[in-house]
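Heads up: the sequence shown at position 191 corresponds to 1208 in this note's numbering, and the numbers run straight through without jumps. Just so it is clear, CB atoms sit at the ideal spot from N, CA and C, and this is done for glycine as well.
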Amino acid sequence: MAGKARWVDLAQEFYEGMPRGHVLPPPTVRTLKQVGRDPFNIMEYTTCTHIGTHLDAPMHFQPGGQTIEQLPLERLVGEAAVVSMKKGRVEPITIKDLEGATPQVRDGDMVLFHTGWGAKWGTDEYHEHPYLADELVDWLVARKVPLIGVDFVTPDLPFQLRKPGFTYPIHRGLLPRGILIIENLNLEAVAGQRVILHAFPVKIRGGDGAPVRVVARVDA
């Protein structure tokens, strides 16, 4: 089966000016050494752990929770349902949406939410993304989902709509229960399909999150 597989990159590109949460410092990319004046090329980039396509470890919201380098590799590979549902600006994703989407989620599946928002990457509209309704937390836990991924900034309410004292119900509901979160995916090429997900983050010691190259294997 693997010999006939199609491999699809689900990560967004890293660059200066890329979308980010407004509370986070912007990433930078600069040239340190350049062929012509130096014998080789070397670039430097700076980023926090939650910009671009990245994986949240439990420690992101759980003191003493697992950090990036502590995650077993088998938790980062598995069968995933790329549930497809077109959503509008700041629109919640509900249990009804998920149960009516294709493909159906099976117990133990990783779940990737395709809303079409990944195609808006780099636009102002990207920050007015859909979000997961609070009711989905218990639904995902009951089905033993080990990991979710979204094609927008965060599964919680968009930053600009949060009121003082916002509690991050999706992050706090999933991460301490062992459900990992990937944000800022590009799912256009695999929407509505079942895939084998591979998501290996940069191995940062003590990391609460890390950039991740996410690849889907689509078997013929």
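Contact belief for residue i with residue j at Cβ below 8 Å, rounded distance in angstroms
i       : j       : result
Val1231 : Leu1041 : With a Cβ gap of about 20 Å, Val1231 and Leu1041 do not count as contacting.
Asp1133 : Lys1180 : Here residue 1133 is Gly; the residue named in the question, Asp, does not match the sequence. That belief does not hold up - the Cβ atoms of Gly1133 and Lys1180 are roughly 27 Å apart, past 8 Å.
Val1170 : His1144 : 6 Å
Val1219 : Val1025 : In fact, because the Cβ distance is near 21 Å, the residues do not count as touching under 8 Å.
Pro1172 : Ile1198 : 6 Å
Ile1213 : Ala1227 : That belief does not hold up - the Cβ atoms of Ile1213 and Ala1227 are roughly 21 Å apart, past 8 Å.
Gly1224 : Glu1086 : 7 Å
Phe1115 : Val1122 : According to the sequence as given, residue 1115 is Leu; it is not Phe. Confirmed, Cβ separation roughly 7 Å.
Pro1163 : Arg1092 : 6 Å
Cα-Cα separation, residue i to residue j
i       : j       : result
Val1167 : Glu1200 : 5 Å
Tyr1032 : His1067 : 14 Å
Met1018 : Ala1237 : Because the pLDDT of Met1018 is 44, which lies under 50, any placement of that residue in the model is unreliable, and the question is left without a value.
Glu1096 : Lys1021 : 17 Å
Thr1045 : Thr1070 : 16 Å
Thr1048 : Met1035 : 18 Å
Ala1206 : Pro1056 : 40 Å
Arg1222 : Pro1080 : 15 Å
His1039 : Ile1110 : 23 Å
Met1127 : Asp1141 : 29 Å
Gly1008 : Val1154 : This structure cannot settle anything about residue 1008, because the visible part of the chain is limited to 1018 through 1237.
Ala1208 : Lys1161 : 22 Å
Pro1175 : Arg1054 : 45 Å
Val1158 : Ala1074 : 16 Å
Asp1120 : Leu1192 : According to the sequence provided, residue 1120 is Pro. The question's Asp does not apply to it. Approximately 24 Å, taken between the alpha carbons.
Val1100 : Gly1135 : 14 Å
Val1077 : Glu1152 : In the sequence under discussion, the amino acid at residue 1077 is His, which differs from the Val named in the question. Their Cα atoms are separated by approximately 21 Å.
Option in the options with minimal Cα separation from residue i
i       : options                            : result
Gly1190 : Asp1055, Glu1061, Gly1226, Ala1150 : Ala1150
Leu1204 : Leu1129, Ile1059, Asn1058, Ala1118 : Leu1129
Ala1216 : Thr1140, Leu1072, Ala1159          : Leu1072
Ala1118 : Ala1098, Pro1043, Pro1193          : Ala1098
Gln1029 : Trp1138, Trp1156, Tyr1185, Tyr1148 : Trp1138
Ile1112 : Leu1090, Gly1105, Tyr1148          : Tyr1148
Any non-hydrogen atom of the ligand ZN closer than 8 Å to residue i Cβ
i       : result
Val1052 : As for the ligand ZN, it is missing from this structure, which has no ligand bound.
Contact with chain B by residue i, beta-carbon distance below 9 Å
i       : result
Phe1169 : Among the chains in the structure shown there is no chain B, since it carries only a single protein chain.
Report task. Mind listing, in chain order, the continuous alpha helix (DSSP H) runs of no fewer than 4 residues lying wholly within the region 1145 to 1203? Result -> The qualifying runs are 1153 to 1159, 1186 to 1191.
Query raised in the report: Which whole runs of the beta strand (DSSP E) in the region 1023 to 1093 are 3 residues long or more, in chain order?
Result: Runs of the beta strand (DSSP E) lying entirely within the region 1023 to 1093, each at least 3 residues long, are 1023 to 1026, 1045 to 1050, 1059 to 1063, 1071 to 1073 in chain order.
**Report entry** Continuous beta strand (DSSP E) assignments of at least 3 residues falling wholly in the region 1202 to 1236
**Finding:** Entirely contained in the region 1202 to 1236, the beta strand (DSSP E) runs reaching 3 residues are, in chain order, 1211 to 1218, 1226 to 1235.
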